[in-house]
Amino acid sequence: MHNITSSFTTASSASEILELIKNITAEALIFLDVDDTIITPKSVTFRKPPYNQMLDRIKANKGNYDNFEEIVSNWRLQRKVILIDEEWGQVLNTLKKHYFVYALTQMSRGKFGNIPSMQEWRYEELKSLGIEFSDNKKLAIFNSAKKDDAVFYKGIFITGNHSKSGTLAKFSKELQASFIVFVDDRKNHIEDMQNYCEKNNIGFLGILFDGLKNLLGESEPKLARFQEQYLIENAEWLEDVEAYKLMAESS
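Going by our numbering, 122 is the number at position 122 of the sequence shown; the sequence numbering is gapless.
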């Protein structure tokens with residue numbers, strides 16, 4: 001086994017990430033998380049914990065909700081999203097000239113609640129914001145028909161019931177990775193990927209992205225609680241202005 005390099009750093013903007021990556025080996029494969037790395041809900045509720053963990057709480061208690069998939073799919077369909085950094089599209093296009101650049105997003109595949117195809121929905125949502133990744137027809141050949149299996153769709157790896165590293169392991173023969181750059185807003189995902197790379201003798205650069213702190217707006221506890229309760233009870237998401245209006249009417 002030859003010596004591999006494995007490192008971990010942080011960045012808070014797309015341009016910082018470009019600076020960190022631009023001199024990496026040409027063989028590197030770049031993987032970026034989507035939620036709270038590239039995009040985030042427009043609502044100020046999602047600016048910081050614990051309010052931005054609304055969906056994590058609902059998922060953790062999904063046994064309590066008979067219409068769990070309806071609640072979560074309607075939230076995904078109804079919430080407005082924004083780019084965390086307006087330069088993401090430009091930075092990704094620059095990187096794509098030199099590297100394969102993929103999204104790696106932890107979510108279900110196929111039909112989920114009121115979403116006919118999660119992978120198609122995710123692709124279209126990102127495309128509407130000017131974000132597209134490197135397509136690779138060879139990788140799509142490895143997709144299985146299993147409902148919970150990881151899947152590759154138009155530049156996006158969707159984990160299904162796998163971890164993020166487990167998703168790359170499924171496609172490892174075709175990816176033939178010798179160096180991986182992985183950008184995510186969650187440290188546990190980066191540590192998981194770093195362990196995978198070290199075990200498989202793959203060079204690694206992990207970048208913990210905290211660009212969310214640059215967005216304006218403060219989470220408002222009363223608003224956040226109202227939105228969460230309304231979503232659970234009605235399977236309907238209210239943006240901030242709508243929620244404030246309804247709160248005023250019902251008080």
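Virtual Cβ for every residue (Gly too), placed ideally from N, Cα, C.
Host beta strand (DSSP E) of Asp184 (start-end): Phe179 to Asp184
Terminal residues of the beta strand (DSSP E) in which Ile82 lies: Val81 to Leu83
Burial state of Ala60, where buried means 16 or more other Cβ atoms lie within 10 Å: exposed
Counted within 10 angstroms of its Cβ, other Cβ atoms place Thr25 as buried (16 or more) or exposed: exposed
Extent of the continuous beta strand (DSSP E) to which Phe46 belongs: Taken as a continuous stretch (DSSP letters only), Phe46 belongs to no beta strand (DSSP E), as it is neither H nor E.
Contacting residues, own chain, Cβ-Cβ under 8 angstroms from Glu242 (five flanking each side not counted): none
Beta-carbon spacing of Ala28, Tyr99 below 7 angstroms: yes
Extent of the continuous alpha helix (DSSP H) run through Leu32: Careful: Leu32 lies outside any alpha helix (DSSP H), inside the beta strand (DSSP E) at Leu29 to Leu32.
Collapsed DSSP secondary structure at Asp192 in the structure displayed: helix
Given 8 angstroms, three or more beta-carbon pairs between the segment 45 to 63 and the segment 105 to 116: no
Helix, strand or coil at Tyr99 [DSSP, three-state]: coil
Length at least 4, wholly inside the segment 114 to 172: the alpha helix (DSSP H) runs in chain order: 118 to 127, 137 to 140 and 164 to 170
As assigned by DSSP and simplified to three states, the class of Ser251: coil
Residues near Leu205 by beta carbon distance below 6 angstroms, same chain, minus five either side: Ser7 and Val181
Alpha-carbon spacing of Met1 relative to Gln78, whole angstroms: Interpretation of Met1 is limited by its pLDDT of 40, a score under 50 that renders its predicted location unreliable; no figure is taken from the coordinates.
Pick from Ala11, Lys48 and Ser13 that is closest to Ser219, judged by C-alpha positions: Lys48
Outcome for Leu122 when other beta-carbon atoms lying within 10 angstroms are tallied against a minimum of 16: Note that residue 122 is Arg in the sequence shown, not Leu. Buried, since its Cβ has 16 or more Cβ neighbours within 10 Å.
Residues near Asn164 by beta carbon distance below 7 angstroms, same chain, minus five either side: The sequence shown places Lys at residue 164, not Asn. Excluding positions up to five away in sequence, the list reads Leu104, Gln106, His189, Asp192 and Met193.
Contact under 7 angstroms by Cβ, Val72 with Ala14: no
Neighbourhood of Val34 by C-beta, 6 angstroms cutoff - its chain only, sequence neighbours within 5 removed: Ala103 and Thr105
Distance between beta carbons of Ile202 and Ile4, contact taken as under 8 angstroms: 7 angstroms
Cβ separation of Asp185 and Leu212, assumed to be a contact under 8 angstroms, to the nearest whole Å: 7 angstroms
Beta-carbon contacts of Thr94 that lie in its chain and below 7 angstroms, excluding the five residues immediately before and after: Leu18
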